[in-house]
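Just so we're on the same page, the numbering used here is the position in the sequence shown counted from 1, plus 287.
Even glycine gets a Cβ: it sits at the ideal position worked out from N, Cα and C.
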Amino acid sequence: MLSINETQDLIIEEFEQFNDWLDRYSLLIDYGNALPEFAEAERNSQNLIEGCQSSVWFTARMLDGKVHFEGDSDALLVKGMVALLLKVLSDHTPEEILEADLYMI
């Protein structure tokens with residue numbers, strides 16, 4: 288498994304391939320569309336991120352000492368950003384996540 292920084296670097300490289308913002312938006316939307324189905328039962332107030340203009344839900348579960356995140360949004364670009372965060376942070380230890388410097392956004 289790649290480190291958080293290695294994953295961020297790969298994402299940055301992928302987005303840097305495109306000079307046009309519309310192409311970058313398209314890639315971001317593709318990331319969001321590739322998210323696994325988010326359970327309808329998880330779309331509740333406990334998992335809703337407060338303060339977002341669009342609806343964003345996150346869940347976190349510990350699996351074998353690592354945090355596994357799932358998430359979704361009702362907005363295409365935000366859903367893509369959720370997908371990027373999940374790709375970078377999911378399945379790492381709590382310590383790795385807390386020490387992470389999220390510079391990709």
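Outcome for residue 304 when other beta-carbon atoms lying within 10 angstroms are tallied against a minimum of 16:
Taking the first residue of the sequence shown as position 1, residue 304 is located at position 17. The residue in question, residue 304, is exposed, as its Cβ has fewer than 16 Cβ neighbours within 10 Å.
Evaluate the contact criterion for the segment 320 to 331 versus the segment 376 to 386: three or more CB pairs, one atom per stretch, below 8 angstroms.
Result no; under three Cβ-Cβ pairs closer than 8 angstroms.
Rounded C-alpha distance that separates residue 369 from residue 332:
Here residue 369 corresponds to residue number 82 of the sequence shown, with the count starting at 1. Here residue 332 corresponds to residue number 45 of the sequence shown, with the count starting at 1. Cα to Cα, residue 369 sits roughly 17 angstroms from residue 332.
So, under 8 angstroms CB-CB, residue 341 and residue 335 are touching, yes? Tell me the CB distance rounded to an integer number of Å.
Looking up residue 341 in the sequence shown gives position 54. Looking up residue 335 in the sequence shown gives position 48. At roughly 11 angstroms, the Cβ-Cβ gap does not stay under 8 angstroms, so residue 341 and residue 335 are not in contact.
If you compare alpha carbons, which of 386, 321, 385 is closest to residue 358?
The sequence position of residue 358 within the sequence shown is 71, counting from 1. The shortest Cα separation from residue 358 among 386, 321, 385 belongs to 321.
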